[in-house]
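Those protein sequences? They're chains A and B, same order as listed.
First residue of the first sequence? That's 451 in the numbering used here, and the numbers climb one at a time after it.
First residue of the second sequence? That's 12 in the numbering used here, and the numbers climb one at a time after it.
Here the structure comes first, spelled out in structure tokens, and everything after it is commentary.
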Amino acid sequence: MQRDDIRNLAMLVAFAIIGLLFPIVATTRFSQHILVMVVLYAVLGEAWNIMAGYAGMVSIGQAAFFGLGAYVSSVLSVKYGVSPWLGMLCAGLATAAFATVIGLPFSRLRGRYFAIGTIALGQMIKVVFENWQWVGAATGLMIPLANQGFASFQFHASKLPYYYTGLALLLLTLAFMYIMERSKMGYYFKAIRENEDVASGLGVNRTAYKLIAIAVSAGITGMCGTFLAQYSLYVEPEYMFNHSISVTIALVAVFGGSGNIIGPVLGSAILMPISELTRAWLGSSGTGIDLMIYGAFIVLMCVYEPEGLVGMARRIGASIKAQRERRGAARCQNS
Amino acid sequence: MSELVVKGLTKKFGGLIAVNDVSFSVKSGEILGLIGPNGAGKTTVFNCLTGFLKADGGSVEFNGRSIYNCSPNAICALGVARTFQVVQVLQGMSALENVMVGAYLRHSRTAASRRRALEALERVGMSRFADMRAVNLTLPAKKRLEVAMCLATDPQVLMLDESMAGLTPTEIHDASSMICELRDAGMALIVVEHVMEAIMPIADRVMVLDSGIKIAEGLPAEIVRDPRVVSAYLGDKYAKRVKC
Numbered sequence: 451m452q453r454d455d456i457r458n459l460a461m462l463v464a465f466a467i468i469g470l471l472f473p474i475v476a477t478t479r480f481s482q483h484i485l486v487m488v489v490l491y492a493v494l495g496e497a498w499n500i501m502a503g504y505a506g507m508v509s510i511g512q513a514a515f516f517g518l519g520a521y522v523s524s525v526l527s528v529k530y531g532v533s534p535w536l537g538m539l540c541a542g543l544a545t546a547a548f549a550t551v552i553g554l555p556f557s558r559l560r561g562r563y564f565a566i567g568t569i570a571l572g573q574m575i576k577v578v579f580e581n582w583q584w585v586g587a588a589t590g591l592m593i594p595l596a597n598q599g600f601a602s603f604q605f606h607a608s609k610l611p612y613y614y615t616g617l618a619l620l621l622l623t624l625a626f627m628y629i630m631e632r633s634k635m636g637y638y639f640k641a642i643r644e645n646e647d648v649a650s651g652l653g654v655n656r657t658a659y660k661l662i663a664i665a666v667s668a669g670i671t672g673m674c675g676t677f678l679a680q681y682s683l684y685v686e687p688e689y690m691f692n693h694s695i696s697v698t699i700a701l702v703a704v705f706g707g708s709g710n711i712i713g714p715v716l717g718s719a720i721l722m723p724i725s726e727l728t729r730a731w732l733g734s735s736g737t738g739i740d741l742m743i744y745g746a747f748i749v750l751m752c753v754y755e756p757e758g759l760v761g762m763a764r765r766i767g768a769s770i771k772a773q774r775e776r777r778g779a780a781r782c783q784n785s
Numbered sequence: 012m013s014e015l016v017v018k019g020l021t022k023k024f025g026g027l028i029a030v031n032d033v034s035f036s037v038k039s040g041e042i043l044g045l046i047g048p049n050g051a052g053k054t055t056v057f058n059c060l061t062g063f064l065k066a067d068g069g070s071v072e073f074n075g076r077s078i079y080n081c082s083p084n085a086i087c088a089l090g091v092a093r094t095f096q097v098v099q100v101l102q103g104m105s106a107l108e109n110v111m112v113g114a115y116l117r118h119s120r121t122a123a124s125r126r127r128a129l130e131a132l133e134r135v136g137m138s139r140f141a142d143m144r145a146v147n148l149t150l151p152a153k154k155r156l157e158v159a160m161c162l163a164t165d166p167q168v169l170m171l172d173e174s175m176a177g178l179t180p181t182e183i184h185d186a187s188s189m190i191c192e193l194r195d196a197g198m199a200l201i202v203v204e205h206v207m208e209a210i211m212p213i214a215d216r217v218m219v220l221d222s223g224i225k226i227a228e229g230l231p232a233e234i235v236r237d238p239r240v241v242s243a244y245l246g247d248k249y250a251k252r253v254k255c
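Written out as structure tokens, the structure is:
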């Protein structure tokens, strides 16, 4: 193992420990809810990151995969009594398969046209589910209550088990991305993002790698859909396919900094509490002040730090280093 | 011993015939110069051979196998690589990472790919820029990087599209000797070039295109005296300068 690897592994362990310790301070149900939302959107942001941050296909329709995943596991559990865990696996696979089929025509779209396409996809799927009687149409499905526990993936007394489940999902996703970034796949994704023509000229099968990126991203997003379905115990088109989910996913990743592993986690850790707290404190006034404050944060970020929090950290790090070198040089001259 | 054989290649853009029934071949250890006025179809020939454009007729065989209208990545995998007229690198990645993308074609593991990429950088004299982001490189460095990216894919045929345009005489000299080294190592090269002083001394054969038609092919010394080539492209001044 090289020094870099040891340092990164130490960071991951430290990150996991911090994650495990959070619940000590989060004792109320509301603060636990915020924690759950942070890990959920961190995973969603990372999934988006694979597709958009690395492979360069900006999606604003992740809700399509999210809702699909939620519905797959819910339908399986309501109609066939399948365990939600198996349902989550099925949701991941089904969403990935769906995304591969959809991805074939979509991967031919470039840049903003891809993004527009994904918006349309999100809206279309929602309409389909709103009119599909078998899955409850606009009223959706209620997941029947069961005894709480990991077997039923339902926890009524405390939200913490949900948090730990989400954290495990997050750590798995991060581990996957860590390996991906250092492998052929990660390099090929980035090459496609930077310049598709150069990539294919160097032997990269761009269609295949784009489809892999879309499928992996969608699969993880679908599993998150199952997670939220089990968290709220009902699925409904307006809730699961809501366009704001797609936007929030992209926001979290861009706010934190896309194209690197830690960005979306940072973005979620900052944006989700702001979003939930302003909603809880100011949302009831009916004036929309909560959304204004939330929006102002995003505007400030876009104006002053378009590369996200990670870009900001890098810039500050570089300027500190430069200052230290200047000081070192001055000292040399003095002596 | 590898050989690229092109027969009757034709490409139309609407009513315009950009490449009209062009045939040629190139084999290992040989530099084929491709010259002609702007708009003659040189780059279009490259694009058709490497799969970036679909040709409208003809045949392209590499080592006896048809690569006519295959996908760019499949053609690259068979051993035909190219650079672009307007230099194209992966801007946001480091020079080493750029070359590694090419090296992954034959080496799936990252460590092996990195080793191969460092070799390729060394070969074009770019080792000291390995960690620099490609966007920050100078134009000649980017052109060298592009060649390194191609070399990393272990090509048997390398096509260079104006890789010496915009370089100073010293840089042209360096680039020429690099190209000759590649030929001597057994590669087949097709070089599109406008800088006559660069291409004429190193080319084993020269082919001239004008308005999509091949008007001449032969040794460099014959080409500069060919009246059709002089009137279409080189001009009287160049012909006189060569004679002196």
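Note that beta-carbon positions come from the ideal geometry of N, C-alpha and C, so glycine has one too.
All of these numbers come straight from a predicted model, not from anything done at the bench.
| Asked | Found |
| --- | --- |
| Stretch-stretch touch, CB-based, cutoff 8 Å, three pairs: the region 50-62 of chain B with the region 71-82 of chain B | yes |
| Bounding residues of the beta strand (DSSP E) (the contiguous stretch that carries L15/B) | E14 to F24 |
| Interface flag, E688/A vs chain B, CB-CB below 8 Å | no |
| Terminal residues of the beta strand (DSSP E) in which S70/B lies | G68 to F73 |
| Any chain B beta carbon closer than 8 Å to E644/A | yes |
| Through-space distance from A502/A to L485/A, alpha-carbon basis | 25 Å |
| Delimiting residues of the alpha helix (DSSP H) encompassing G229/B | Careful: G229/B lies outside any alpha helix (DSSP H), inside the beta strand (DSSP E) at I224 to G229. |
| C-alpha gap between V475/A and G537/A, whole angstroms | 32 Å |
| CB contact below 8 Å: L661/A versus chain B | no |
| Min CB distance T179/B to chain A below 8 Å | no |
| Distance, N147/B Cα to M451/A Cα | Its pLDDT being 48, under 50, M451/A is placed unreliably in this model, and the value from its coordinates should be taken loosely. So the two alpha carbons sit approximately 31 Å from each other. |
| Exposure label - G738/A; buried when at least 16 CB within 10 Å | exposed |
| Alpha-carbon spacing of L64/B relative to A227/B, whole angstroms | 24 Å |
| Euclidean distance between Cα positions of L15/B and E233/B | 23 Å |
| Delimiting residues of the alpha helix (DSSP H) encompassing G44/B | Not the alpha helix (DSSP H): G44/B falls in the beta strand (DSSP E), residues E41 to I46. |
| Bridge partners - T684/A, DSSP secondary structure assignment | The amino acid at residue 684/A is misidentified as Thr; the sequence shows Tyr. Its beta-bridge partners are M592/A. |
| Cβ pair V654/A, A665/A closer than 8 Å | no |
| Alpha helix (DSSP H) runs wholly inside the region 136-214 of chain B, at least 4 long, in chain order | 150-162, 180-195 and 207-213 |
| Between the CA atoms of E130/B and A492/A - distance to the nearest angstrom | 39 Å |
| Own chain residues within Cβ distance below 8 Å of Q99/B, not counting five before or after | E157 |
| Unbroken alpha helix (DSSP H) run spanning R93/B, endpoints | Premise fails: R93/B lies in the beta strand (DSSP E), V91 to R93, not in any alpha helix (DSSP H). |
| Beta carbon of A514/A nearer than 8 Å to that of F705/A | no |
| Buried or exposed (CB count within 10 angstroms, at least 16 for buried), D221/B | buried |
| N- and C-terminal bounds of the alpha helix (DSSP H) containing A514/A | Q512 to Y530 |
| DSSP state of G675/A mapped onto helix, strand, coil | helix |
| Unbroken stretches of the alpha helix (DSSP H), 4 residues or longer, contained in the region 92-124 of chain B | 106-114 |
| Beta-carbon gap between P83/B and S682/A smaller than 8 Å | no |
| Contact list for P83/B against chain A, beta-carbon separation under 8 Å | D647, S650 and G651 |
| CA nearest to the CA of E72/B, picked from M211/B, A196/B, T181/B and V168/B | V168/B |
| Beta-carbon gap between D10/B and Q102/B smaller than 8 Å | Summary: the structure shown does not reach residue 10/B, with chain B confined to residues 12 through 255, and so no result is reported for it. |
| Chain B within 8 Å of N458/A, Cβ atoms only | no |
| DSSP three-state assignment for M507/A, whether helix, strand or coil | coil |
| M111/B versus A186/B - alpha carbon distance | 22 Å |
| Nonlocal neighbours in the same chain, by C-beta distance under 8 Å from Q773/A, ignoring five residues either side | none |
| F579/A beta carbon less than 8 Å from that of Y521/A | yes |
| Neighbour flag for K634/A against chain B, beta carbons, 8 Å | yes |
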